[in-house]
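Start counting the sequence shown at 801; every next residue gets the next number (this note's numbering). The beta-carbon is built from N, C-alpha and C at its ideal position, and this holds for glycine as well. To start, the structure itself, in structure tokens.
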Amino acid sequence: MDAIINGYSWVGDNEDPHSINIPKVITNERDELVYMSRAALPGFKDTKCAPSRYKKQVCIYAFTREELAAFRGFGRKSELEFSEDIEILRFLELGKTIRMVETQPGSLAVDVPEDVAKVEAALRRAGQVPA
Numbered sequence: 801m802d803a804i805i806n807g808y809s810w811v812g813d814n815e816d817p818h819s820i821n822i823p824k825v826i827t828n829e830r831d832e833l834v835y836m837s838r839a840a841l842p843g844f845k846d847t848k849c850a851p852s853r854y855k856k857q858v859c860i861y862a863f864t865r866e867e868l869a870a871f872r873g874f875g876r877k878s879e880l881e882f883s884e885d886i887e888i889l890r891f892l893e894l895g896k897t898i899r900m901v902e903t904q905p906g907s908l909a910v911d912v913p914e915d916v917a918k919v920e921a922a923l924r925r926a927g928q929v930p931a
């Protein structure tokens, strides 16, 4: 299959789906990426239609050399990529299919300096770094 692969998991109870540091994922029923945003998506008009949980991006990618060349060959950030600061959106604007694969929750991302302490604490708890 000719598709980009990207991971997602569900936003955890201890995470804020409105955080701009967590890219939220919208997929269709075939688990293909429809859109990704730093805004809490999907939106809703009526609170009875509000999502009970949100999907978030896990930055694990798989793509062919040709797809990477097309990404680079675009020569600049696409409009959506520039606005959201999410590079996978360039592939969407190139018309590529992006297959989203669910991953296990519980990973910690380092997106802002404040995240470093959380990761270091988790590594200490796991015995991976000295106290």
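{"Item": "Exposed unless 16 or more other CB atoms sit within 10 angstroms - verdict on I860", "Value": "exposed"}
{"Item": "Boundaries of the alpha helix (DSSP H) in which E879 is found, first to last residue", "Value": "879-884"}
{"Item": "Where the alpha helix (DSSP H) containing K856 begins and where it ends", "Value": "Careful: K856 lies outside any alpha helix (DSSP H), inside the beta strand (DSSP E) at 855-862."}
{"Item": "Cβ-heavy atom distance, R853 to the ligand ADP, below 7 Å", "Value": "Among the ligands in the structure shown, none appear at all, so the ligand ADP cannot be discussed."}
{"Item": "Where the beta strand (DSSP E) through E866 begins and ends", "Value": "Here E866 belongs to no beta strand (DSSP E); instead the alpha helix (DSSP H) covers 865-873."}
{"Item": "Where P823 falls, given that 16 or more other Cβ within 10 Å makes a residue buried", "Value": "buried"}
{"Item": "Limits of the beta strand (DSSP E) - the one that R899 falls within", "Value": "898-902"}
{"Item": "The region 896-906 contacting the region 872-881, beta-carbon criterion three pairs below 8 Å", "Value": "no"}
{"Item": "Length of the line joining the Cα atoms of F844 and N821", "Value": "21 Å"}
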